[in-house]
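Visitor: For the sequence shown, UniProt numbering assigns the number 1 to the initial residue and increments by one for each residue that follows. Got a structure for you, questions after.
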Amino acid sequence: MEEKEVGLDSKCYLLMIRALCKGGYLEEASNMIDFIGESHGIYPTLPVYNTFLEACSEMSRADYADQCLQLMEQRMVGKDEVTYTMLLKLAVSQWNLCAVYEIWEDYIKHFSPSILTLRNFVWSFTRLRDLKSAYEKLQHMVVLAIRGNNFVQTLSRGQLYPSRHMLSACNIQECDNEQFVPSTANASACNVQECNNEQSVPLTANAPACKIQGCGTLDMGNKEVKSAGQTGLDKRKIMPVLRVLRWSFNDVMHACGQAKKPGLAKQLMLQMENIGLLPSSHTYNRFARAVSKRHFRQGMEVLKTMQQKNLKPHDRTLATISVACSKALELDLAEVLLDQITNCPYPYPYNSFLQACNAMDQPERALRMLAKMKKLKIQPDIRTYQQLFSLVGNTNAPYEDGDMLSRVDSAKRIKAIEKDMAKKWCPAQSRINEELVESSWKRRDVLHSLVEAEECRMAIALFKHMKASGLEPNAATYCIMIDCCRTIRCYKSACALVSMMLRSGFYLQTVGYTVLIKILLQDENFDEALNLLDQGHSEEIKLDVLLYNPVLHIAKDKGRIDIIELIVEQMYREKIQPDTTTCHNVFSAYVYSGFHNMAMEALQVLSMRMISLEDCVLEEKKAELEDLILSEDKEAESRILEHFKDFEEDIAIALLNLRNCAILGFPLSWSPNKSSWARRLSANYDSRKKDN
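Rendered as structure tokens:
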């Protein structure tokens, strides 16, 4: 054009800037805006700057936008509503809520907000999760729409643009002193500053009156609301306004679902009804998702309403309500909704269903759902496999740990899951994804399930991979792996894990000591087991009966009466009450060795200690308990068994033991520590400690 001496005009200038912006050449476009005016005597018009700002918003380049705004200010170009729209898009693309506030404050200094501009602000605030501000701007839109002094027209291409008669410079300002309570029927009031005395038409019967400065507080009656759409408004003329208004209602409704504000969502639906705004299919879908966050039944009611109106729910709506049903453990409803989904690229609703199956102990149902996922080609994610590992890791949960048969079955299922997982994430090296590893430290389901199923090779491989990935285990994970050493009967590996645990800053607690002692007892290493007990005592570990019972059990099987008596006396001195398992092990050990009288004496002493370790407490209960133990009433044993109702199983068993001793003719002593058996155990214990 320069060679042919063809002059540039403003339109040509705009088209060149637009071409550069569409190509992503912001640097070149910025330079052209900056310099071409000086060299050719053509100064950019406002549409040129708006075009450049639009490109900045699409590419999220705030630096170029700032340069453009500075240039506009230097050249005193000014801004129009399109400028503010582009700035809003840029602020949203950068998640800059403060910038949106600043844009609003600057905008109302120069313009009286139009329906379309307010719609852009509503959209911006909902995207940035500011429900309060979005709701306030929506109410401004309702005010303008009902007053009828702000219209929207449609271009031939279907685009909307504001067609306002020049209004007086009236500002709609945000209310700073009003409280916003979105979860109740009373919404915050908005302050509308007007320059004329035009009467206001109400927003909704449930919203408080708007305060119009200079006009006082207006009546917000329900009758006026219902007639507002017919008073001074031509339905044909305001159809574009209703479209824009409905879009904004839908945006705020969507934000209610994100913010878990079902109360406000219900209020918005009521307001739409009151002003005569018909909800669309999108409105109902977003409303259903919002109210189902509180309770799944509310979402189901909205689905029923949609069915009556022949409105099809979106897949996302069905998924959200299905998740709510799964959380409420309504598996049948959740499954019905999942079956209605035609296209769901994300597995989260199915994961919630699997979690509910886990809570309800229904692994078969979960596996059927997994088959459906594969049929629909829905790719499982990390959480899917976590739930599956947790489900199949313990088939008898939550009542039993699982027998050998169930553990073999669990191991087969775990191998199948691992194989499927390896196909998806690591077909070359069959490695487990790092994200699964990281989550496993938090949940520990995978490792625990593998150890419970005695799949120690897989558990060790997973543990090593986690360590190699730089993910440090916690104390509970170390304990799981120490328990794995019990399965493979390797005390040396357990000690190595304890060493790693200490270097990581974790100390061995009761559970860890229990597992180590069980490993030692597998090889009948009683001396080292007793040393561990002494070490735990010296380190002030909270010892309990579950720590001692495994030692008593192995000692009983091996006929080690000396170990039995040593442990019983140590438990008494540590103020640890025996339980039913303790009594069984001690009594059986004496019986197997042929010491029947000693077995009955030990049973009496331990049963008394199950009731209380203090002689004074036993003396206080003597009269009450003797009536039960020595009673010849047929209902005596029934009264004893009532202790089971209060979860006092050990007390009930102790009383039954003492009653059987009395029936067999053994005299009861309410000072068990003075019995010959107890005194002998005490003397032997002192002698052993003295020798050591």
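Each residue gets a CB set at the ideal place from its N, CA and C atoms; glycine is no exception.
Comparing C-alpha positions only, which one of ALA652, LYS689, THR581 and LEU532 sits nearest to ALA508?
Guide: In the sequence shown, counting from the first residue as 1, residue 508 sits at position 508. The amino acid occupying residue 508 in the given sequence is Leu; Ala does not appear at that position. Checking every option, the nearest Cα to that of LEU508 belongs to LEU532.
Visitor: Reducing DSSP to helix, strand and coil, say where GLN379 ends up.
Guide: Walking along the sequence shown from the start, residue 379 turns up at place 379. Correct three-state label for GLN379: coil.
Visitor: Write down the C-beta distance between LEU552 and ASN525 rounded to the nearest angstrom, noting that I regard them as a contact closer than 8 angstroms.
Guide: The count along the sequence shown starts at 1 and reaches residue 552 at position 552. The count along the sequence shown starts at 1 and reaches residue 525 at position 525. Contact doesn't hold; Cβ gap of about 16 angstroms is too wide.
Visitor: Taking the alpha helix (DSSP H) that GLN577 belongs to, which residues open and close that run?
Guide: Along the sequence shown, read from residue 1 onward, the residue named residue 577 stands at position 577. Segment: none, GLN577 is in no alpha helix (DSSP H) and carries neither H nor E.
Visitor: Is it buried or exposed, ASP63, if we count other Cβ atoms within 10 angstroms and call 16 or more buried?
Guide: Residue mapping note: residue 63 aligns to position 63 of the sequence shown, counting from 1. Result: exposed.
Visitor: Could you pull out every residue in the same chain whose Cβ sits closer than 7 angstroms to the Cβ of GLY538, ignoring the five residues on either side in sequence?
Guide: Position 538 of the sequence shown holds residue 538. Correcting the residue type first, residue 538 is Ser in the shown sequence and not Gly. Hits under 7 angstroms: none found.
Visitor: Tell me which residues share the same chain as LEU20 and place their Cβ nearer than 6 angstroms to its Cβ, disregarding the 5 neighbours each side in the sequence.
Guide: What you label residue 20 is simply residue 20 of the sequence shown in a count that begins at 1. So the qualifying residues of the chain are GLU28 and ALA29.
Visitor: Helix, strand or coil: how does DSSP classify PHE353 here?
Guide: To locate residue 353, count along the sequence shown from 1; it is residue 353. Helix, per DSSP.
Visitor: Indicate the three-state DSSP secondary structure (helix, strand or coil) for PRO240 in the structure shown.
Guide: Locating residue 240 in the sequence shown gives position 240, where the first residue counts as 1. Helix, per DSSP.
Visitor: Specify the secondary structure class of PRO313 as computed by DSSP and reduced to three states.
Guide: The residue given as residue 313 occupies position 313 in the sequence shown. The answer is coil: DSSP assigns PRO313 none of H, G, I, E or B.
Visitor: Give a yes or no on whether the C-beta atoms belonging to ARG383 and ASN351 are separated by under 9 angstroms.
Guide: As a working note, residue 383 is residue 383 in the sequence shown. As a working note, residue 351 is residue 351 in the sequence shown. Yes. Within cutoff.
Visitor: Could you say which of TYR84, GLN74, LYS11 and GLU73 lies nearest to VAL48 if we only look at CA atoms?
Guide: Sequence index remark: in the sequence shown, residue 48 carries index 48 (1-based). VAL48 has its Cα closest to that of LYS11, out of TYR84, GLN74, LYS11 and GLU73.
Visitor: Contact defined as beta carbons within less than 8 angstroms: I believe LYS260 pairs with LYS309. What is the distance between those atoms, to the nearest angstrom?
Guide: If you number the sequence shown from 1, residue 260 lands on position 260. If you number the sequence shown from 1, residue 309 lands on position 309. The pair is not a contact, with the Cβ atoms about 26 angstroms apart (cut-off 8 angstroms).
Visitor: What are the boundary residues of the alpha helix (DSSP H) that includes PHE463?
Guide: As a working mapping, residue 463 is identified with position 463 in the sequence shown. 456-468 is the extent of the alpha helix (DSSP H) around PHE463.
Visitor: From MET360 to TYR348, what distance separates their C-alpha atoms?
Guide: In the sequence shown, residue 360 corresponds to position 360, counting from 1. In the sequence shown, residue 348 corresponds to position 348, counting from 1. Straight-line Cα distance between these residues: approximately 19 angstroms.
Visitor: Specify whether the segment 627-641 and the segment 563-576 touch according to this definition: at least 3 beta carbon pairs, one from each stretch, less than 8 angstroms apart.
Guide: Result no; under three Cβ-Cβ pairs closer than 8 angstroms.
Visitor: Pair every Cβ in the segment 289-307 with every Cβ in the segment 260-270, then say whether three or more of these pairs are closer than 8 angstroms.
Guide: Yes, they touch.
Visitor: May I have the straight-line CA-CA distance separating PHE111 from GLY78, to the nearest angstrom?
Guide: Your numbering for residue 111 matches position 111 in the sequence shown. Your numbering for residue 78 matches position 78 in the sequence shown. Between PHE111 and GLY78, the C-alpha separation is close to 12 angstroms.
Visitor: With a threshold of 16 other CB atoms inside 10 Å of the CB of GLN271, please say whether the residue is buried or exposed.
Guide: On the sequence shown, position 271 is the one that residue 271 refers to. Classification for GLN271: buried.
Visitor: Give the list of continuous alpha helix (DSSP H) stretches no shorter than 4 residues that lie fully inside the segment 18-79.
Guide: Here the runs fully enclosed are 26-40, 46-59 and 62-74.
Visitor: Take VAL515 as the anchor and find which of SER60, LEU497 and ARG503 has the nearest alpha-carbon.
Guide: Translated into the one-based positions of the sequence shown, residue 515 becomes position 515. For the residues SER60, LEU497 and ARG503, the minimum Cα distance to VAL515 belongs to LEU497.
Visitor: For PRO667 and ASN684, I'd like the C-alpha separation in whole angstroms.
Guide: On the sequence shown, position 667 is the one that residue 667 refers to. On the sequence shown, position 684 is the one that residue 684 refers to. About 25 angstroms.
Visitor: Taking the continuous alpha helix (DSSP H) assigned at residue 702, which residues delimit it?
Guide: Because the chain is modelled from 1 through 692, residue 702 falls outside the range shown and cannot be assessed.
Visitor: Since THR317 and ALA288 are thought to touch, with beta carbons under 8 angstroms apart, how far apart are those beta carbons, to the nearest angstrom?
Guide: Along the sequence shown, read from residue 1 onward, the residue named residue 317 stands at position 317. Along the sequence shown, read from residue 1 onward, the residue named residue 288 stands at position 288. 5 angstroms between Cβ atoms; contact.
Visitor: With a threshold of 16 other CB atoms inside 10 Å of the CB of LEU245, please say whether the residue is buried or exposed.
Guide: Locating residue 245 in the sequence shown gives position 245, where the first residue counts as 1. Label assigned to LEU245: buried.
Visitor: Give me the Cβ distance between residue 703 and CYS68, rounded to the nearest whole Å; I'm assuming they're in contact under 8 angstroms.
Guide: Residue coverage of the chain in this structure runs from 1 to 692, which leaves residue 703 outside it and unanswerable.
Visitor: Taking the alpha-carbon positions, what's the MET560 to TYR592 distance?
Guide: On the sequence shown, position 560 is the one that residue 560 refers to. On the sequence shown, position 592 is the one that residue 592 refers to. At residue 560 the sequence reads Arg, which differs from the Met that was named. Cα-Cα distance, rounded: 11 angstroms.
Visitor: In whole angstroms, what separates the C-alpha of LYS22 from that of THR51?
Guide: Mapped onto the sequence shown, residue 22 falls at position 22. Mapped onto the sequence shown, residue 51 falls at position 51. Distance between the alpha carbons of LYS22 and THR51 is about 10 angstroms.
Visitor: Would you check if the distance between the CB atom of ALA662 and the CB atom of MET608 is smaller than 9 angstroms?
Guide: Working through the sequence shown from its first residue, we reach residue 662 at position 662. Working through the sequence shown from its first residue, we reach residue 608 at position 608. Against a cut-off of 9 angstroms, the Cβ pair of MET608 and ALA662 comes out as no contact.
Visitor: For CYS495, which residues from the same chain have a beta carbon less than 7 angstroms from its beta carbon, with the 5 sequence-adjacent residues on both sides left out?
Guide: Here residue 495 refers to the residue found at position 495 of the sequence shown. No residues qualify anywhere along the chain.
Visitor: Using the rule of at least 16 other Cβ atoms within 10 Å of the residue's Cβ for burial, across every protein chain shown, is ASP562 buried or exposed?
Guide: Within the sequence shown, the letter at position 562 stands for residue 562. By the 10 Å Cβ count, ASP562 comes out exposed.
Visitor: Give the single residue among ASN597, LEU90 and VAL617 whose Cα lies nearest to the Cα of LEU664.
Guide: For this step, residue 664 is matched to residue 664 along the sequence shown. The shortest C-alpha separation from LEU664 is found at ASN597.
Visitor: On the criterion of 16 or more Cβ atoms from any shown chain inside 10 Å, does MET76 qualify as buried, or is it exposed?
Guide: Within the sequence shown, residue 76 is the residue found at index 76, counting from 1. Burial call: exposed.
Visitor: Quick one: Cα of LEU471 to Cα of ARG243, how far?
Guide: Along the sequence shown, read from residue 1 onward, the residue named residue 471 stands at position 471. Along the sequence shown, read from residue 1 onward, the residue named residue 243 stands at position 243. Near 53 angstroms, if we compare the C-alpha coordinates of ARG243 and LEU471.
Visitor: Check whether chain B comes within 9 angstroms of SER638, counting only Cβ atoms and requiring the distance to be less than that.
Guide: Absence of chain B from the displayed structure is noted, only one protein chain being present.
Visitor: Using C-beta distances below 7 angstroms, list every residue in its chain close to LEU641, excluding the 5 sequence neighbours before and after it, in chain order.
Guide: Stepping through the sequence shown from its first residue, residue 641 is reached at position 641. Correct list, in chain order: ALA652.
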